[in-house]
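Q:
Residue numbers (my numbering): 3 to 93.
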């Protein structure tokens with residue numbers, strides 16, 4: 003039996019600053035990917051067009067960077083599973 007690589011996804015909706023629940027989930031996903039040699043994918047769920055702002059998108063990116071949670075696929079990095087803004091996947 004072949005072993006599949008673990009791939010985890012963190013996909014917050016940038017309708018405000020990330021909160022402790024978001025951070026906990028991102029930390030767990032990142033740690034699990036690193037522990038297993040897997041991939042940490044970061045995608046922005048920007049489909050709530052009435053509340054999402056570019057500032058909150060950038061804040062989410064900056065927060066993960068500040069925490070040292072580097073992603074393997076996602077905004078500013080790219081990868082095989084893009085685009086990494088959900089709104090771009092709908093078209």
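Every residue, glycine too, gets a C-beta built ideally from N, C-alpha and C.
Since this is a predicted model, take the numbers as computed values, not measurements.
#1: Bridge partners for residue 87 per DSSP, in chain order?
#2: Buried or exposed, going by whether 16 or more other CB atoms sit within 10 Å of the CB of residue 36?
#3: Give every residue of the same chain whose Cβ lies closer than 6 Å to the Cβ of residue 44, excluding the five residues on either side of it in the sequence, and list them in chain order.
#4: So, residue 49 versus residue 19, is the Cβ gap smaller than 9 Å?
#5: Is the CB-CB distance between residue 86 and residue 46 below 9 Å?
#6: Helix or strand or just coil, what does DSSP make of residue 23?
#7: Within 10 Å of its beta-carbon, does residue 33 have 16 or more other beta-carbons around it, so buried, or fewer, so exposed?
A: Looking at the coordinates:
#1: Against the chain shown, residue 87 aligns to sequence position 85. Residue 87 is bridged to 46.
#2: For the purposes of this step, residue 36 is taken as residue 34 along the chain shown, with counting starting at 1. Around the C-beta of residue 36, fewer than 16 other C-beta atoms lie within 10 Å, and the residue is accordingly described as exposed.
#3: Along the chain shown, read from residue 1 onward, the residue named residue 44 stands at position 42. Hits under 6 Å: 12, 73, 76.
#4: As a working note, residue 49 is residue 47 in the chain shown. As a working note, residue 19 is residue 17 in the chain shown. Contact: no.
#5: Mapped onto the chain shown, residue 86 falls at position 84. Mapped onto the chain shown, residue 46 falls at position 44. Result yes, Cβ atoms of residue 86 and residue 46 sit closer than 9 Å.
#6: The residue you call residue 23 lines up with position 21 of the chain shown. In this structure, residue 23 counts as helix in the three-state DSSP scheme.
#7: Taking the chain shown and counting its residues from 1, the one referred to as residue 33 is at position 31. Per the 10 Å Cβ criterion, exposed.
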